[in-house]
Amino acid sequence: MTDTPPDGDSPDLDSCVRIGSIVSSNSHLDYVVEVYKERDCDRPPELHEREFGQPVFIKKTVNGTEHAVMGVIYDTQLVDPDQGRTGPRLAQDDQAQFTPGYIEERTTLAGVALLGTAEISEDGAIQESTHQMPRWTLEVEDTVFHCPDQVTVSFHTVDDQIQLAYMDRLLDIAGDLGSEVIVALIDRLRGMLPDDDPNQRVLDVVEQNVQWQAREQRGMV
Amino acid sequence: MADRSDVVGTVAGPGDDPNEFVFVTPSDKSIKTGEFITYTVSVEGEPRSVFARVTNRELIRGLPEGFLADPEVGPETVAATLGVPTDDTELYRLTATVIGYYDTNMTTFANPRQLPDPGTPLSIAPHQQLETVLPNLGCETDSTDVTTLDGVAHVGWLLNRPAEATNLHIPTEEFASTHLAILASTGSGKSYTASVLIEEMMRPSSRASLLVFDPHGEYDTLAEMQGEEAFQGADGYEPDVVYYDPERLSVRISELEIGDVMAVLDNPSNRMQDRLSTAWRSMQNRESRTWGIDALIAEMEAEFGADDASVGALEWRLRRSIERNDLFHPEENVPLDEIVDPGQCTVLQMDTLDRRDQQLITTVLLRRMYRERLDDVRNRDSDIEHPIFALFEEGHRFAPASGEAPSLGVMRTITSEGRKFGFGLGIISQRPSKIDQDVLSQCGTQISMQIKNPNDQDAIKNSVEAAGEDVLRELPGLTPGQAVVSGDAMNTPALIQVRQRRTPHGAGSRPVIEEWREAYDERQREPTQSESADFGEGDSTGVQSLD
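In the order they appear, the protein sequences are chains A and B. Just so we're aligned, residue 1 is where the first sequence starts under this note's numbering, counting upward by one. Just so we're aligned, residue 222 is where the second sequence starts under this note's numbering, counting upward by one.
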């Protein structure tokens, strides 16, 4: 586990930052991830590494081939087991250390929507990426990794053409925040592509469409 | 219909109108508006092909307009990015109006009064079937080889079909007896279409007796029909094209009616009109038909006295308007048997006559011919013992809506009665709104071409019964050479491309730029006056002879 996210031409999928582990799922494509804290691993993710719209992947070996199941953080939720309990608290504002209760068990959950899959090649890069719905089920405690930018771009590029073919499914899973997660993804892709890339304009059109539709649905226009 | 390979769409359900239904086609079956489609229904136990015309086409499934936001990014690219399939995904919803099935007893369309059920397969109507049922040919089956029929005029082919795929042959008899109107704005091909019809009528299978009133001299290329193989009959028939130039056109004075004379005189007073009509009547009651102005004036003087002021004024007017006009002659007349004959097309070239003279000669000729036709039908002696068809270029000159033409009366009579006497008229005009409505409404067959002027469109709407809304909608969008044929010669209106003429066309616009340049070059070649200096000619002595 390295301290810094890898950057370079071929990022090593083995050395990516771990974001958390799966704790439950809402559907075949919609998983709940508990974000790692200080105690859970050597190097818990920093805030910007588990932000809204962050692409992630989960490694799965299927039939002897290693695959990466790609996903994106589309929602987060805070959990405080103490909240709502009756009775006085032992801890006072000025006595934070005097807390035998559950304060350490407060946690952040992240919703991850699956986008597609890709094969992981011998050298740790991804290939054969597809935006089809992943057919395999993930397991509880599967580790969710932070997806480096190069991998994100390569997952979204098919024959030099940018692809977001999972968009309709993502909009469906992400619900109210659907357009925001897509805009966040597009922003990220746009930052990674050169300014004069023809795909920039395609992304503009897609973003415009999504934004407009969302505003239309919310009754703004 | 058993074979589904020619099926182009499937009926979805009824439309808004009682005769309308809606069907759906995928994008690869490109069906144009105006296309004829067919389906089978059972009428009295027999399967019948019902024809319908496609009237509207709209997209029901296709890429959203948001994909078109950036002109430099194709919608397919956006679709590919989002993983939206783009191959043949468009679905079209088309509206069609039922025309009916071809009733072989009535030889026209009959409405089945029943829309196709949802799911009924539809196919494009076959060429030969359309060729048989669209024109009013009276065929006894719904699929005949119409080229073998006699007396049909091949005017062109259906516009929605490939060139010469579905040819339209209209029955010559129908439009020649119930009159014809060719309405189109300038440059959209009215004289071209008229020439196509003339060619067809002069073919061996029709051998018409045709008279063309040509105020512009546009029909001078028709003579090339003579010698063309397509116009020669197996029995040695060949069309005869006769040109009558203005010098050969004359009107015998006694053929004029009092109204005609009034029309050419300058502003006659009431008293003059009275004097003239009395004298005219008594002249016409005479045995001799070859009297002139002198005899007429003598008659007036005999009746009202030589010193009558009105008679004097009339004499001056008559001599100026009639006697000095070469068109009028005491004796000579255009011989009818020379200008009408079966297999003969006579072109009356009136391009050097002024409008009033054109109207007068037309009036007198029509009146005489109508009289002869009347005599023939009533079994009296007649110079014209066969039906005739007269075509009027610039028809609004001869039957103007303003009523200011001596020919209007006889034109009205012929269009309303001529059918019974075998006298057909064809009116060609670019200003339907300026044609007398009575005359226009009696033209049973109409060939309408591009017309953009709203007044003219209204005139067609008001006077042409067969012009339905869908025909009128087409008019502004037609390009030269395209026409809507409707009326008695058709079972249902059709949009056609007029066929190529066999003879060259003579009435196109003049090549103005070319003529200007030629004229300019001509001027440049002429010696100018400043070029008078003479070097080296005449007796000038050269350097050597100085020695």
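Idealized CB from N, CA, C, for every residue including glycine.
With its beta carbon less than 7 Å from one in chain A, residue 304 (chain B) belongs to the interface. At least 7 Å separates the beta-carbon of residue 548 (chain B) from that of residue 497 (chain B). Contact of residue 307 (chain B) with chain A is not assigned, every C-beta pair being separated by 7 Å or more. Residue 310 (chain B) has a beta carbon lying at 7 Å or more from every beta carbon in chain A.
Runs of the alpha helix (DSSP H) lying entirely within the region 500-544 of chain B and spanning at least 4 residues, in chain order: 514-525, 530-539. Closer than 8 Å at the C-beta level to chain B, one finds these residues of the region 103-131 of chain A: 131. Chain order gives no chain A residues near residue 272 (chain B), where near means a beta carbon separation below 9 Å; the closest approach is about 43 Å.
Under the Cβ criterion (8 Å, minimum of three pairs), the region 541-555 of chain B counts as touching the region 509-523 of chain B.
Under the DSSP assignment, residue 17 (chain A) falls outside any beta strand (DSSP E); it carries neither an H nor an E label. Bounds of the beta strand (DSSP E) holding residue 431 (chain B) are 430-435. Annotation: residue 731 (chain B) to residue 737 (chain B) spans about 11 Å, alpha carbon to alpha carbon. Collapsing the DSSP output to three states places residue 257 (chain B) in a strand. Between the region 645-665 of chain B and the region 393-401 of chain B there are three or more C-beta pairs closer than 8 Å, enough to call the two in contact.
When Cβ-Cβ separations below 7 Å define contact, residue 163 (chain A) makes contact with chain B. The C-beta of residue 201 (chain A) comes closer than 7 Å to at least one C-beta of chain B. Our two residues, residue 277 (chain B) and residue 700 (chain B), have alpha carbons roughly 20 Å apart in a direct line.
Residue 70 (chain A) is outside the set of residues whose beta carbon lies under 7 Å from a beta carbon in chain B. Residue 175 (chain A) and residue 264 (chain B) have their C-alpha atoms some 56 Å from each other. Here the alpha carbon of residue 183 (chain A) sits roughly 22 Å from the alpha carbon of residue 19 (chain A). The C-beta distance from residue 622 (chain B) to residue 654 (chain B) rounds to 7 Å, short enough to fall under 8 Å. Looking from the CA of residue 305 (chain B), the closest CA among A:203, A:166, A:79, A:137 belongs to A:166. One finds nothing in chain A with a Cβ atom closer than 9 Å to the Cβ of residue 283 (chain B); even the nearest lies about 15 Å away.
Under the 7 Å criterion on CB atoms, residue 300 (chain B) is classed as non-interfacial with respect to chain A.
In this structure, the alpha-carbon of residue 127 (chain A) lies about 8 Å from that of residue 154 (chain A). Listed along chain B are 303, each with a C-beta nearer than 7 Å to that of residue 167 (chain A).
By the rule that beta-carbons nearer than 7 Å mark a contact, residue 26 (chain A) does not touch chain B. Assigned with DSSP and collapsed to three states, residue 653 (chain B) falls in helix.
For residue 287 (chain B), the C-beta contacts it makes with chain A under 8 Å involve 205, 208, 209, 212, 213, in order along the chain.
As DSSP reads the structure, residue 711 (chain B) sits in a beta bridge with B:356. According to DSSP, residue pairing for residue 310 (chain B) in a beta bridge does not occur. Nearest Cα to residue 570 (chain B) within the set B:684, B:436, B:452, B:546: B:436.
Listed along chain A, no residue sits closer than 8 Å to residue 297 (chain B) by beta-carbon distance, the nearest being about 11 Å off. Our two residues, residue 315 (chain B) and residue 376 (chain B), have alpha carbons roughly 29 Å apart in a direct line. DSSP, read as helix, strand or coil, puts residue 388 (chain B) in strand. If you draw a straight line from the Cα of residue 441 (chain B) to the Cα of residue 463 (chain B), it comes to about 10 Å. Chain A has no Cβ within less than 7 Å of the Cβ of residue 657 (chain B).
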